[in-house]
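Below: the structure, in structure tokens.
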Amino acid sequence: MAFRHESTKKDGGEGVNVRLCDVIEGVEFTVVEQDEAIRVLILRDALENWFGAGDTPDSWLAAYRRYADTIDFAAADRHRLDRTQGVIVLRGDRPEEFTSSPRQRAKQLASPA
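Taking the numbering used here, the leading residue of the sequence shown gets 4, the next gets one more, and so forth.
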């Protein structure tokens, strides 16, 4: 079943071309930072675990819209730290993407595991 919902809002508050993903359960969107378009997918588990979404596609979109600033920042931050990824994927099992500052994240990525 393919869900399609698209928004092209560009003037702050939410990414561009926000829609339900056709392939994976989640919301895909584009964040524009310094004139660079960053393709992003936030998975259903992240929306449910960290942003209060339910188990319906409409609730995933609603959660994204409610927390668009936080989610867009996390995507842009992740892109700044690793520009090699073609698509940024935000997952529910990485809470640090939504809770730590860019400086803290850079230290985490630089330290050996």
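Heads up, the beta-carbon is just placed ideally off N, CA and C, and yes, glycines get one too.
What you are looking at is a predicted structure, and each value in this text was computed from that prediction instead of being measured.
Pairs of beta-carbons, one from the segment 52-66 and one from the segment 35-42, closer than 8 Å: are there three or more?
no
Review point. Mapping DSSP to helix, strand and coil, what is Ala56?
Key: coil
Query raised in the report: What residues in its chain sit with their C-beta under 7 Å from that of Glu100, if we drop five residues either side in the sequence?
Result: Ala77, Arg81 and Leu93
**Report entry** Whether Ala49 touches Gly95 by CB criterion (8 Å)
**Finding:** Contact flag set, yes.
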